[in-house]
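So in my numbering, spot 198 of the sequence shown is number 198, and the numbers just go up one at a time. A quick write-up on the structure given underneath.
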Amino acid sequence: MKMLLFTLILASTPAFSKEPATENLKTKNLVAWCIVPFDASKRGPAERAEMLTELGIKRCAYDWRKEHVPEFEQEILEYKKHGIEFFAFWGQHENAFALFEKYDLHPQIWLTLRDPGEGSEEEKIAKAAESLMSLAEKTAKMGCTLGLYNHGGWGGEPENLVAVCKKLYQQGHENVGIVYNWHHGHEHIGDWAESLALMKPFLHCLNLNGMNPNAEPKILALGTGKHEAAMLKTLIESGYDGPIGILDHQNQLDSKIALQANLDGLAALKKEK
Numbered sequence: 001m002k003m004l005l006f007t008l009i010l011a012s013t014p015a016f017s018k019e020p021a022t023e024n025l026k027t028k029n030l031v032a033w034c035i036v037p038f039d040a041s042k043r044g045p046a047e048r049a050e051m052l053t054e055l056g057i058k059r060c061a062y063d064w065r066k067e068h069v070p071e072f073e074q075e076i077l078e079y080k081k082h083g084i085e086f087f088a089f090w091g092q093h094e095n096a097f098a099l100f101e102k103y104d105l106h107p108q109i110w111l112t113l114r115d116p117g118e119g120s121e122e123e124k125i126a127k128a129a130e131s132l133m134s135l136a137e138k139t140a141k142m143g144c145t146l147g148l149y150n151h152g153g154w155g156g157e158p159e160n161l162v163a164v165c166k167k168l169y170q171q172g173h174e175n176v177g178i179v180y181n182w183h184h185g186h187e188h189i190g191d192w193a194e195s196l197a198l199m200k201p202f203l204h205c206l207n208l209n210g211m212n213p214n215a216e217p218k219i220l221a222l223g224t225g226k227h228e229a230a231m232l233k234t235l236i237e238s239g240y241d242g243p244i245g246i247l248d249h250q251n252q253l254d255s256k257i258a259l260q261a262n263l264d265g266l267a268a269l270k271k272e273k
């Protein structure tokens, strides 16, 4: 009788799912990107924090222009007020770095990996790493990671991003990694699986985008392109569980509309995977 009861219990217990984890694709874990200078509605810090809260997004990577410098502190305070993580900061600015210390913040620091100029590939890798050494040290002291950002060209190639990271690791700078953007990676649609496998050990954040051949158009809502469904499937199957970003990056659009379109597209893509 006990054996029969045990068998019935086992039969009625759901099997553990073999589906890869997609916790990083839930709205509350996504990172909003390119929503400050690109917002057609020109929101200020308070309105931006309210907008993210309304969408259910709890993390933001902060891009800025010169006119936003006086707003740095208010942006931080509004995010704190609304429970939004100040996830990343674009580039370098001493005012922002001082505020991070004041408020005990440790965001990722995102910086474009640039072409160091002439030389062999080995020489270029060494030059690029050398140019980043002081910032790698500084961000480490701040308790921040440094994300090398692909923005096309030599510095947008996954193998170069990885090679520079490895060179910096050899110098003890293990806080350095990669921030990879689909909207700057159209030339790697065809070898996305290989590129992802190469970058995955160093990947600090991956920003998604709708993907058509030849970047036509470059910025596209998720779910409206030809390739992002397959690319997302590859990403999920890879086991990558790190941060995922969605973006606006469209001057003509209200950032809320652009982000919502990406949220809707992502939801549809997850059902298709």
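The beta-carbon is built from N, C-alpha and C at its ideal position, and this holds for glycine as well.
If you compare the alpha carbons of 25, 22, 24, 32 with that of residue 256, the shortest gap goes to 32. Residue 184 holds the alpha-carbon nearest to the alpha-carbon of residue 219 among 103, 169, 184.
Remark: three or more beta-carbon pairs, one from each stretch, lie closer than 8 angstroms, so the stretch 39-48 and the stretch 66-84 are flagged as touching. Between residue 151 and residue 177 a beta carbon distance of about 16 angstroms is seen, past the 8 angstroms cut, so the two are scored as non-contacting.
By the 16-neighbour rule on beta-carbons within 10 angstroms, residue 101 is exposed.
Distances from the CA of residue 263 to each of 217, 237, 209 were compared; the closest alpha carbon is that of 209.
Around the beta carbon of residue 167, 16 or more other beta carbons sit within 10 angstroms, so the residue counts as buried.
Note on geometry: alpha-carbon atoms of residue 137 and residue 173 lie some 7 angstroms from one another. Under the DSSP assignment, residue 88 falls outside any alpha helix (DSSP H), being part of the beta strand (DSSP E) whose first and last residues are 85-90. Two segments are said to touch when three or more pairs of C-beta atoms, one from each, lie closer than 8 angstroms; by this definition the stretch 53-72 touches the stretch 34-41. Counting along the chain, residue 245 sits inside no alpha helix (DSSP H); it lies in the beta strand (DSSP E) bounded by residues 244-247. By the neighbour-count criterion, in which a residue is buried when 16 or more other Cβ atoms sit within 10 angstroms of its Cβ, residue 98 is exposed.
The shortest C-alpha to C-alpha distance from residue 153 to any of 122, 114, 127 is the one to 114.
Distances from the CA of residue 248 to each of 181, 268, 120, 142 were compared; the closest alpha carbon is that of 181. With respect to the 7 angstroms criterion, residue 190 and residue 222 are not classified as neighbours on the basis of their beta carbons.
In the DSSP assignment, residue 147 falls within the beta strand (DSSP E) that extends over 146-149. Proximity to residue 259 across 95, 68, 56 peaks at 56, based on C-alpha coordinates.
Bounds of the alpha helix (DSSP H) holding residue 79 are 72-82. Runs of beta strand (DSSP E) with 3 or more residues, each lying fully within the stretch 175-199, are found at 176-181, listed in chain order.
Residue 169 is positioned such that its CB atom lies no closer than 7 angstroms to that of residue 110.
Annotation for residue 31: the continuous beta strand (DSSP E) segment containing it runs 31-33.
If you look at residue 108, you'll find it in the beta strand (DSSP E) that goes 108-112. Non-local beta-carbon contacts of residue 156 in its own chain, meaning distances under 6 angstroms to residues more than five positions away in sequence, involve 150, 184 in chain order.
Cβ neighbours of residue 64 within its own chain (closer than 6 angstroms, five residues either side excluded): 36. Between residue 66 and residue 126, the alpha-carbon positions lie close to 32 angstroms from each other. Secondary structure note for residue 169: its alpha helix (DSSP H) is the uninterrupted segment 158-170. DSSP places residue 59 in the uninterrupted beta strand (DSSP E) bounded by 59-62.
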